[in-house]
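So the protein sequences, as listed, match chains P and U.
So for the first sequence, this note's numbering puts the first residue at 1; every next one is plus one.
So for the second sequence, this note's numbering puts the first residue at 1001; every next one is plus one.
Positions of the beta carbon are idealized from the N, C-alpha and C atoms, including for glycine.
Report on one structure; see the data block that follows.
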Amino acid sequence: MATVDSITNPDQMFADAGINLIIARATHADGEKKKVTLSDGREIPYDKLLLGTGASPVVPPIEGCDLRGVFSLRSAPDAVEIKNFLEKDNRRKLVLIGAGFINLEVATLLATTRPDYYDVTVIELLAHPLPLMLDAEMAVQIQEYLTEKGFKMKMAQKVERILGENGKVVGVELATGEKIEAEMVLLSVGVKQNLELAKDLGLEIGKFGVKVNKFLETSVPDVMAAGDCVEKQHFVTKRPVTGQLRGPAVIQGR
Amino acid sequence: MKKGERFVIIGMGGVGGPAAMLAKRLMPEVDVTVIREEERFIVR
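Structure representation (structure tokens):
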């Protein structure tokens, strides 16, 4: 796995460009007074505001999600924590809940890093992998490929509970009653948009995030939004959809 | 935006960094501020 430093840009790059960088949590935004309040109490005034607050992993209401050894992956520190956990005690039995991009990338990375070492089971509630991106015809081929590579692909299976002993994960039980041993469980079953500030500002919010027009303008003057926190329009169906990838978010930023 | 106006961006996971860089390049006289919670700005 790449080190965190190797995949981040130094803050100096922004300073050199003349950009002010504040590292703090924005806790409140006021669209009338046009200011943002930070966790340290500072107030930052704005003339135009861009919300790029992203999204956070959904932790499903499954018994056992709070056990040691159950992770979700969103940020670089999460990845480091998972890597350290795996390396400690040479853990090898892994259950990945959700067959979206994140879990399949993790599975692929693990298989590449230590071929034939990890025992990986991928569990997906829907009928095939990458269910939100691919139709069955294409997804089945991916499933066959991953099975050939040694992954146990359990599609259309519901996780009933995550099993633990002494506060530590030891397995996963499916709704069918089948139990799968696990030394680590990775939950990647979707994200929810971070909308606290959008709600403070009174922005119009749709089913999948902040509503914006094609210029990324929100319903409140001088407030724009982009990235995972906004509702997208499907290219083909024109229906509202959630944002799923970082690439489009970066392009929206540009 | 006009000279001296303040453009504030919240978040730097995907949108914020590129938006700040391009905004400053296109509008060098605008005051651009990025607020982020994370320790680092992720590139890839």
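Neighbouring residues, chain P, relative to residue i (Cβ below 7 Å)
{"i": "Glu1029 (chain U)", "result": "The premise fails here: Glu1029 (chain U) is roughly 10 Å from chain P at the closest Cβ pair, so nothing lies under 7 Å."}
Cβ-based neighbour list, residue i, same chain, cut-off 6 Å, excluding 5 preceding and 5 following
{"i": "Asp119 (chain P)", "result": "Arg92, Lys93"}
{"i": "Pro1028 (chain U)", "result": "none"}
{"i": "Gly167 (chain P)", "result": "Arg68"}
{"i": "Asp222 (chain P)", "result": "Lys48"}
{"i": "Lys1003 (chain U)", "result": "Glu1029"}
{"i": "Lys179 (chain P)", "result": "Gly171, Glu173"}
Own chain residues within Cβ distance below 7 Å of residue i, not counting five before or after
{"i": "Ala55 (chain P)", "result": "Val191, Lys192, Gln193, Asn194, Asp228, Cys229"}
{"i": "Val1043 (chain U)", "result": "Residue placement at Val1043 (chain U) is flagged as unreliable, the pLDDT there being 47, under the threshold of 50; the coordinate-derived value follows with that caveat. Answer for Val1043 (chain U): no residue qualifies."}
{"i": "Met988 (chain U)", "result": "No statement about residue 988 (chain U) is possible, as the shown extent of chain U runs from 1001 to 1044 and does not include it."}
Partners in chain P for residue i, counting only beta-carbon separations shorter than 8 Å
{"i": "Lys1003 (chain U)", "result": "The contacting residues do not exist; Lys1003 (chain U) stays about 11 Å from chain P at best."}
Contact set between residue i and chain U, taken where Cβ atoms lie within less than 8 Å
{"i": "Ser56 (chain P)", "result": "Those within 8 Å of Ser56 (chain P) in chain U number zero; the least Cβ separation is about 11 Å."}
{"i": "Phe14 (chain P)", "result": "Gly1017, Ala1020, Met1021, Val1034, Phe1041"}
{"i": "Ser188 (chain P)", "result": "Going along chain U, no residue has its Cβ under 8 Å from Ser188 (chain P), so there is no contact; the nearest lies around 17 Å."}
Environment of residue i [buried if 16+ CB atoms lie within 10 Å]
{"i": "Phe215 (chain P)", "result": "exposed"}
{"i": "Leu109 (chain P)", "result": "exposed"}
{"i": "Asn103 (chain P)", "result": "buried"}
{"i": "Val185 (chain P)", "result": "buried"}
{"i": "Arg145 (chain P)", "result": "Sequence inspection shows Tyr at residue 145 (chain P); the Arg mentioned does not correspond to that position. Answer is exposed; the Cβ neighbour count stays below 16."}
{"i": "Phe235 (chain P)", "result": "exposed"}
{"i": "Tyr46 (chain P)", "result": "buried"}
{"i": "Val59 (chain P)", "result": "exposed"}
{"i": "Glu196 (chain P)", "result": "exposed"}
{"i": "Gln255 (chain P)", "result": "Beyond the ends of chain P as shown, which are 1 and 254, falls residue 255 (chain P); an answer cannot be given."}
{"i": "Leu132 (chain P)", "result": "exposed"}
{"i": "Arg1025 (chain U)", "result": "exposed"}
{"i": "Gly177 (chain P)", "result": "exposed"}
{"i": "Gly98 (chain P)", "result": "buried"}
{"i": "Ala182 (chain P)", "result": "buried"}
Contacts around residue i, its chain only, beta-carbon distance under 8 Å, and the 5 residues preceding and following it disregarded
{"i": "Leu257 (chain P)", "result": "Given that chain P is displayed from residue 1 to residue 254, the structure contains no residue 257 (chain P) and the question cannot be resolved."}
{"i": "Leu134 (chain P)", "result": "His128, Ile142"}
{"i": "Arg239 (chain P)", "result": "Gln233"}
{"i": "Glu43 (chain P)", "result": "Lys35, Val36, Thr37"}
{"i": "Phe256 (chain P)", "result": "Outside the displayed span of chain P (1 to 254) sits residue 256 (chain P), for which this structure offers no information."}
Where residue i meets chain U, residues with beta-carbon distance less than 9 Å
{"i": "Ala17 (chain P)", "result": "Ala1020, Met1021, Lys1024, Arg1025, Val1032"}
Proximal residues of chain U, C-beta to C-beta of residue i below 7 Å
{"i": "Thr53 (chain P)", "result": "Ile1010, Gly1011"}
{"i": "Ser72 (chain P)", "result": "In chain order: nothing, as chain U lies at least about 15 Å away."}
{"i": "Leu197 (chain P)", "result": "Ile1010"}
Closer than 8 Å to chain B by CB, residue i
{"i": "Leu50 (chain P)", "result": "Reference to chain B is not applicable here, since the protein chains of this structure are P and U."}
| message | Against chain U, which members of the stretch 21-48 of chain P pass a CB distance test of less than 8 Å? | response | Listed by position along the chain: Leu21, Ile22, Ile23, Ala24, Arg25, Ala26, Ala29, Val36, Leu38, Ile44, Pro45, Tyr46, Asp47, Lys48.
Taking a Cβ distance cut-off of 8 Å, strictly less, list which residues of the stretch 209-228 of chain P are near chain U, in chain order.
Listed in sequence order: Ala226, Gly227, Asp228.
In chain order, what are the residue ranges of uninterrupted beta strand (DSSP E) at least 3 long that sit wholly in the stretch 121-176 of chain P?
For the stretch 121-176 of chain P, whole beta strand (DSSP E) runs of length 3 or above, ordered along the chain, are 152-154, 159-165, 168-174.
For a minimum of 3 consecutive residues, which ranges assigned as the beta strand (DSSP E) are wholly contained in the stretch 170-215 of chain P? Runs found: 179-181, 184-187, 191-193.
Q. Along the stretch 153-173 of chain P, what residues have a CB closer than 9 Å to any CB found in chain U?
A. So nothing in the stretch comes that close.
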